[in-house]
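Just below is one structure, and these are the notes that go with it.
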Amino acid sequence: MELSDLNLFIDQSRHIECDEDLRDLMSSFTREIGFDHFSLYRFDSVDPAEPIRITDYPSGWVEQVIKNRYYVDDPVYVASRRALVGFRRDQLCDYLELTTRHNKIIADAVKSGLGDWFAVPAHLAQESSGLATFIVRAGRPLPLEQLPMAQLAGTFGYEAARRLRRHNGPNAPRGPVPLTPRQVDCLLLIARGKTDWEIGTILGLAEDTVGKYIEDARRRYDVSRRSQLIVRAVFDGHFSLQEALG
Numbered sequence: 183m184e185l186s187d188l189n190l191f192i193d194q195s196r197h198i199e200c201d202e203d204l205r206d207l208m209s210s211f212t213r214e215i216g217f218d219h220f221s222l223y224r225f226d227s228v229d230p231a232e233p234i235r236i237t238d239y240p241s242g243w244v245e246q247v248i249k250n251r252y253y254v255d256d257p258v259y260v261a262s263r264r265a266l267v268g269f270r271r272d273q274l275c276d277y278l279e280l281t282t283r284h285n286k287i288i289a290d291a292v293k294s295g296l297g298d299w300f301a302v303p304a305h306l307a308q309e310s311s312g313l314a315t316f317i318v319r320a321g322r323p324l325p326l327e328q329l330p331m332a333q334l335a336g337t338f339g340y341e342a343a344r345r346l347r348r349h350n351g352p353n354a355p356r357g358p359v360p361l362t363p364r365q366v367d368c369l370l371l372i373a374r375g376k377t378d379w380e381i382g383t384i385l386g387l388a389e390d391t392v393g394k395y396i397e398d399a400r401r402r403y404d405v406s407r408r409s410q411l412i413v414r415a416v417f418d419g420h421f422s423l424q425e426a427l428g
């Protein structure tokens, strides 16, 4: 997989209009990076009318999850609320102590043909935490070399899902959030790891002026962290992921 493939994925996800189309897009990309299934999920939403449950898991496993209410205390989802970056199954105990029910959920998933996985948390200001999970069939090894790609695909796939869920709501985005050319310049350099002082030196701006540009952009997107700001700016097409990585 190349960054150009991920850029195409981001561009396609930007124009998704329904859950089914996003499921098909995510399913295809999931297989291209060496996994068998994916899930985009948010259970305890601040707004109960806006849950996110988009997955191509085997239907038998989905039925078990619903019947036994596994989604209430799914160990992967519980752990994701305590993690800031993606984590593997063998790192699960770094985030929580497994209970008897947790172990039963994991065992039942394996019986349903699901094996190792990689989970990508999504923490957004004023929203409940979400989760993107990529999983392989039982018995298959995790494609470790593709985990960075899965981290990015999970982040942008979840962003597509949350925007899709709000598409018809009162706070629905009406096209890309507008940014000034100088704000775009600043965000692009943030994505490349530059400090405010370095950005000011490169652009010929005072350091506090750079900070004001960035703070205004954060207010426009209503995000608390700069990493979220970069994700939103890339998703809106202000610059590509390739440009962000230099």
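The sequence shown runs contiguously to residue 428 in this note's numbering. No residue lacks a Cβ here, since even glycine has one placed at the ideal position from N, Cα and C.
Residue j and residue i - do their beta-carbons sit closer together than 8 Å?
i: residue 374; j: residue 419; result: no
i: residue 268; j: residue 300; result: yes
i: residue 222; j: residue 335; result: no
i: residue 325; j: residue 215; result: yes
i: residue 370; j: residue 421; result: yes
i: residue 361; j: residue 415; result: yes
i: residue 287; j: residue 259; result: no
When the Cα atoms are used, what is the spatial distance from residue i to residue j?
i: residue 321; j: residue 289; result: 14 Å
i: residue 205; j: residue 386; result: 45 Å
i: residue 270; j: residue 388; result: 42 Å
i: residue 234; j: residue 382; result: 40 Å
i: residue 315; j: residue 392; result: 36 Å
i: residue 306; j: residue 410; result: 8 Å
i: residue 425; j: residue 201; result: 29 Å
i: residue 254; j: residue 367; result: 43 Å
i: residue 281; j: residue 379; result: 48 Å
i: residue 240; j: residue 247; result: 11 Å
i: residue 212; j: residue 191; result: 11 Å
i: residue 265; j: residue 311; result: 10 Å
i: residue 250; j: residue 390; result: 54 Å
i: residue 195; j: residue 275; result: 33 Å
i: residue 197; j: residue 308; result: 25 Å
i: residue 412; j: residue 359; result: 12 Å
i: residue 407; j: residue 219; result: 30 Å
i: residue 185; j: residue 285; result: 37 Å
i: residue 346; j: residue 236; result: 11 Å
i: residue 399; j: residue 333; result: 24 Å
Comparing alpha-carbon positions, which option in the options lies nearest residue i?
i: residue 224; options: 341, 206 and 389; result: 341
i: residue 295; options: 417, 242 and 337; result: 242
i: residue 344; options: 377, 313, 281 and 187; result: 313
i: residue 298; options: 217, 277 and 423; result: 217
i: residue 318; options: 308, 309 and 329; result: 329
i: residue 257; options: 245, 244 and 278; result: 278
i: residue 331; options: 372, 423 and 348; result: 423
i: residue 272; options: 399, 323, 337 and 245; result: 323
Contact check, residue i vs residue j under 8 Å by CB: the rounded distance?
i: residue 364; j: residue 395; result: 6 Å
i: residue 238; j: residue 209; result: 4 Å
Between which two residues does the beta strand (DSSP E) carrying residue i extend?
i: residue 297; result: 296–304
i: residue 402; result: Residue 402 -> not in any beta strand (DSSP E); alpha helix (DSSP H) instead, spanning 389–403.
For the alpha helix (DSSP H) that contains residue i, what are its first and last residues?
i: residue 242; result: 241–249
i: residue 221; result: From DSSP, residue 221 is part of no alpha helix (DSSP H) but of the beta strand (DSSP E) over 219–224.
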